[in-house]
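A.B. asks: Quick one: this structure, given as structure tokens, is what I'll be asking you about.
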Amino acid sequence: TSQGFLAAFSETGQSPGKKRNHLLIFKASTSNKSHQIIFPKKTHIITHQMISVRSNPSPPALPQEDAWITSYQKLLPHWHSLSLSHQYSTLPISISRVNQFDAARLDIEMSAMLKEQLVKVFSLMKPGMLFQYEPELDAFLEFLIWRFSIWVDKPTPGNALMNLRYRDERAMEIRRKVRTGLEGPGLTVAQKMWYCIATVGGQYIWARLQSFSAFRRWGDSEQRPLARRAWGLMQRIEGLYKAASFGNLLIFLYTGRYRNLIERALRARLVYESPNMNRAVSFEYMNRQLVWNEFSEMLLLLLPLLNSSTVKSFLHPFSKDKSSSSTEDDSTCPICRASPTLPY
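Using full-length UniProt numbering, read the sequence shown as starting at 1 and increasing by one per residue.
Shown next as structure tokens:
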């Protein structure tokens, strides 16, 4: 608050046969402005008082008439962005990364089982005949799995066991009504075709190119410069692909979306097919098998490091056969007690 001072002055005067009008002057001074108000008065008393009062704080300046219009225009874009983000946003859902990796592994195992059954059909034919056509055989099996699963809007065998399906993530960006976060259309025809070209055609071309370059020995220094350049280009492409796959793996472990580069390029995300159903595969037997395998590998690693004579001397007091002396030669025959002789 500011300190104001109020001064009141009053004057009277006498003249023969006249009275002078008297003026009452008020002066108020604050820290910001000074005002002077004059009121006409008639009084007969000379007064001079100095009164010190505490004035109220100065009221805030009134805004301009069009100030609300300016504020509205400034906040309107922000309001539109908030409304659009709320309208088109999807519920954050988390898909188990283990389920997605297990689905991919089950698909590989299913393809291997089909390949094994198909090879048995040609078991009576010339040995090694299918070896030179192995890339074509793998491509044919992959095409069969794609044709009867993804092309007809059904999950692959591994995805079906893990309760997963493919969803077009591009359509979810403009979808308005979201209830559980698992809604969304399947892959489009273009996405299905590109998926087939990348998985079936891409793997077949790369496998055939590698086998052809290895058979022709493009990597040897004695080959032509063009062959060596093609071999070096293949190595660079393979290195870039592995580096990109490793980066995609790190991103997948962080976000849980797009387990490989093909799914990320096509925006094909794996989501749960039914929100209330668990995966149909139990891994209890597999877990026990893994434990016993690790235990056996540990024993195979540690047993060669132990000294056999030390172990025998340690276990000898606990053996049941007490009649045999410890000084008996181990090289004698346990039946006839004779030393072995060499026939030549």
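Backbone N, C-alpha and C fix where the C-beta goes; we use that ideal spot for every residue, glycine too.
Rounded to the nearest angstrom, how far is the Cβ of residue 119 from that of residue 130, given a contact under 8 Å?
C.D. replies: 6 Å
A.B. asks: Cβ of residue 151 within 7 Å of Cβ of residue 126?
C.D. replies: no
A.B. asks: Please check if any C-beta of chain C sits within less than 7 Å of the C-beta of residue 189.
C.D. replies: This model lacks chain C altogether, as it is built from one protein chain only.
A.B. asks: Measure the alpha-carbon distance for residue 137 versus residue 144 and round it to whole angstroms.
C.D. replies: Here the C-alpha atom of residue 137 lies approximately 11 Å from the C-alpha atom of residue 144.
A.B. asks: State yes or no: is the C-beta of residue 186 within less than 7 Å of the C-beta of residue 103?
C.D. replies: No.
A.B. asks: Residue 235: which of 255, 213 and 258 sits nearest, CA to CA?
C.D. replies: 213
A.B. asks: Would you kindly check if the distance between the Cβ of residue 163 and the Cβ of residue 273 is under 7 Å?
C.D. replies: Closer than 7 Å, so yes.
A.B. asks: Looking at the ligand ATP, does it come within less than 6 Å of residue 253, judged from the CB to the closest heavy atom?
C.D. replies: This structure lacks the ligand ATP, and indeed carries no ligand of any kind.
A.B. asks: May I ask which residues mark the beginning and end of the alpha helix (DSSP H) holding residue 141?
C.D. replies: 134-147
A.B. asks: Spell out a yes or no on whether the stretch 200-211 and the stretch 303-314 are touching, meaning 3 or more CB-CB pairs, one atom from each, closer than 8 Å.
C.D. replies: no
A.B. asks: Given that a residue counts as buried once 16 or more other Cβ atoms are within 10 Å of its Cβ, and exposed if not, what is residue 195?
C.D. replies: buried
A.B. asks: Classify residue 166: buried if its beta carbon has 16 or more other beta carbons within 10 angstroms, exposed otherwise.
C.D. replies: Classification of residue 166: buried, given that the 10 Å Cβ count is 16 or more.
A.B. asks: Apart from the five residues just before and just after residue 301, which ones in its own chain have a Cβ nearer than 7 Å to its Cβ?
C.D. replies: Cβ neighbours of residue 301 beyond the five flanking positions: none.
A.B. asks: Hey, out of 246, 133 and 266, whose CA is closest to residue 197's CA?
C.D. replies: Nearest C-alpha to residue 197: 266.
A.B. asks: Is residue 135 near residue 208, with beta carbons less than 7 Å apart?
C.D. replies: For the 7 Å CB-CB criterion, residue 135 and residue 208 form a contact.
A.B. asks: Residue range of the beta strand (DSSP E) that residue 270 falls in?
C.D. replies: 268-272
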